[in-house]
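For the sequence shown, the residue numbers in mature numbering (1 follows the signal peptide of the UniProt record, and there is no 0) are -26 to -1, 1 to 454. For each residue, glycine too, the CB sits at the ideal point set by N, CA and C. Notes follow once the structure below has been shown.
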Amino acid sequence: MPKQIRPLLRVLLGATALAAPQLVHAQSGKEADLAARLERLESEVTQLRTELAAARSRQDETAATAATAVRKSDETSAQVTRLADNTPKLGFRSGNTTVVLSGYVKLLASNARYSGGDDPSNTLGRDLYLPQSIPVFNPANPTSPTHVTDFSAKQTRFWVDATSKLGKHALKAYIEFDFQAAPGTPQALGQGTQRTTNAYDLAMRRAFIQLDRWTFGQDFTNFSNPAVFPESTDYVGGVDGLIFVRQPMVRYSLPLSHGLTLHLAAENPETASATAGAPALIENGEDHAPDMTGRLEYAGGFGFLDFALLGRQLRVDNAKTGAAHIVDSRLGWGVSASGKIFLDDKHGSDIRFQATYGEGIGRYLGLNFGPDAVLQTNGQLAGVRNLALFGAGRYALNDQWRVNLIASYQRIFYADTLDPATTAGIAMFNRQAWSVAGNLFYSPLKNVDLGIEYRHGERRLVNHLNGHVDRFDVAAKYNF
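And the structure:
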């Protein structure tokens, strides 16, 4: 190698040796910076993922909270609706008394077929199902079946309810009217006819005052609980085997324990007798002692159960007639068990029943289907016993539709001293009545009820003559 080149080569090698560490150092710095950047990026990605997961969690919680809020809102709305439905009507104030006017307007259209002849127009049996008014077929004097249609708004009803708070005492007054209960005044005195005005008399049904545990006035007899009456297009619905009497009374209600109450009452007496050979009932008005009733009621969320007793005096005295003076009396008694049992939590479905047996209680059953006693030719009262059974089932299909099935029965047992074979005896007296019915009700609005009902009822006499009715009702009612 030339001598002049060797010094130059040594200079270049030395420079390279000096530059190499700097190049290595520069390369290591870039890698470190890149690694730091990667770490920061990974940290940011991790943080972003954490924040995204937290956001999703908050979104799920928000959705759950919103769903819970909606559910609670719906529950609150339902509770408010139920509270509004159950809140007593405020009415208006008069001094320290709150007065509430309530009632309903009802139209009843009925179509009935009587197998034994005609049930006369403008009679109670045309307005409602009344077993004693069913014509019986008599082969000795045959009549053709009849078919009738009637429309009536007589069962429209209203009542006034007044309540006051006097210190520690609760005072209440109640008055109830309709246009069905009145016997009707002669048309010449203002009662309308079906031909023209269809005007009807206003009749008092119930009127009483309550002071704490005491009741004074006219109400349904304490011998029964009217809450067993079925939902029906008819005025009563299955009256054959039901206790149905409204009369003046004094009643005391004594709470015995939680849900258990004893009701005791002295009620208006009236002996409804018949005379052998003449089945028409007579109101004697010669009673000396009130009818005494006691009813033990157990009520709760399940419904209620009642057991009732009746004791009374039956008395006839014809001193006012100028005929041979006849005075006689005997005791009457009765026992009854009834109840209503709810089948669901909403109390929309239930079963109702009543079973009654006794002697001298004819006027209490089936709108006085049979007499309390029969006056014999010897001037003595013969006993009459009654067995009455009633049952009904109510099933709510939903909040608007419901179905009712109703069955009712009554049989009368006359004393052996009465001749059942001749018209001079009791041959033409009522022996038994029964009916079955089914209906469907629809409530398109809160206070509106529309119903249709079919009923088959039969009446039988002691001499086995009988008749039946097939009745189809359509009813519309607005409750206010």
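Spatially closest choice to residue i from the options, by CA coordinates
i	options	result
T351	R23, R67, A250 and S231	A250
G277	G69, G322 and N440	G322
E333	A254, S247 and F125	S247
L234	I183, S17 and G274	G274
A144	I426, N196 and T71	T71
A398	E241, A181 and V348	V348
R225	Q192, Y209 and G212	Q192
Q328	D214, D208 and I426	D214
D444	A366, A27, H121 and V309	H121
L341	Y452, Y103, S84 and V309	Y103
G141	D324, L185, K451 and A252	L185
Y452	Y369, D92, A181 and S417	S417
P243	S231, M266, S227 and H232	M266
Y369	A401, G412 and V436	G412
V73	D7, L22, A449 and A147	A147
I380	E13, L216, A177 and N96	L216
R169	F190, F132, F194 and S126	S126
V410	N437, T391, D318 and N378	N378
V358	G90, L371 and I400	I400
G259	A293, S118, H237 and D423	A293
L279	L82, S95 and L236	L236
R326	G365, Q354, D318 and A173	G365
F281	D302, F153 and S310	S310
N421	H438, F454, T396 and N437	F454
Beta-carbon separation (whole angstroms), residue i vs residue j, contact threshold 8 Å
i	j	result
G344	I386	4 Å
V79	T130	5 Å
N199	S312	6 Å
residue 461	D135	The shown model of the chain, from -26 to 454, leaves out residue 461, and the question about it has no answer.
N196	E150	So it is not a contact: roughly 17 Å between Cβ atoms.
V290	T330	With a Cβ gap of about 24 Å, V290 and T330 do not count as contacting.
G425	R433	Actually they do not touch by this definition, with Cβ atoms about 25 Å apart.
D208	E427	7 Å
P105	A407	4 Å
Residue i: first and last residue of the uninterrupted beta strand (DSSP E) it sits in
i	result
M223	R220 to S231
T235	L234 to E241
K314	V301 to F316
I426	V422 to L435
E244	From DSSP, E244 is part of no beta strand (DSSP E); its letter is neither H nor E.
D280	G277 to D291
Y452	N440 to N453
G191	W188 to F194
L185	A177 to L185
Simplified DSSP assignment, three categories, for residue i
i	result
P253	strand
E13	helix
G69	coil
D265	strand
T351	coil
D214	helix
Y331	strand
E18	helix
D324	strand
L98	helix
D92	coil
D7	helix
A201	helix
L341	coil
G336	helix
residue 460	No information on residue 460 is available, as it lies outside the stretch -26 to 454 that the chain covers here.
A173	coil
E260	coil
A298	coil
Residue i at chain C interface by Cβ criterion, 8 Å
i	result
D324	Among the protein chains of the structure shown there is no chain C, as only one such chain exists.
(request) List in chain order: all unbroken beta strand (DSSP E) runs of 3+ residues lying wholly within the region 102 to 144. (result) 120 to 126 and 131 to 140
(request) Run through the region 352 to 418 for me and flag every whole beta strand (DSSP E) of 3 or more residues, listed as ranges in chain order. (result) 355 to 370, 375 to 388 and 404 to 416
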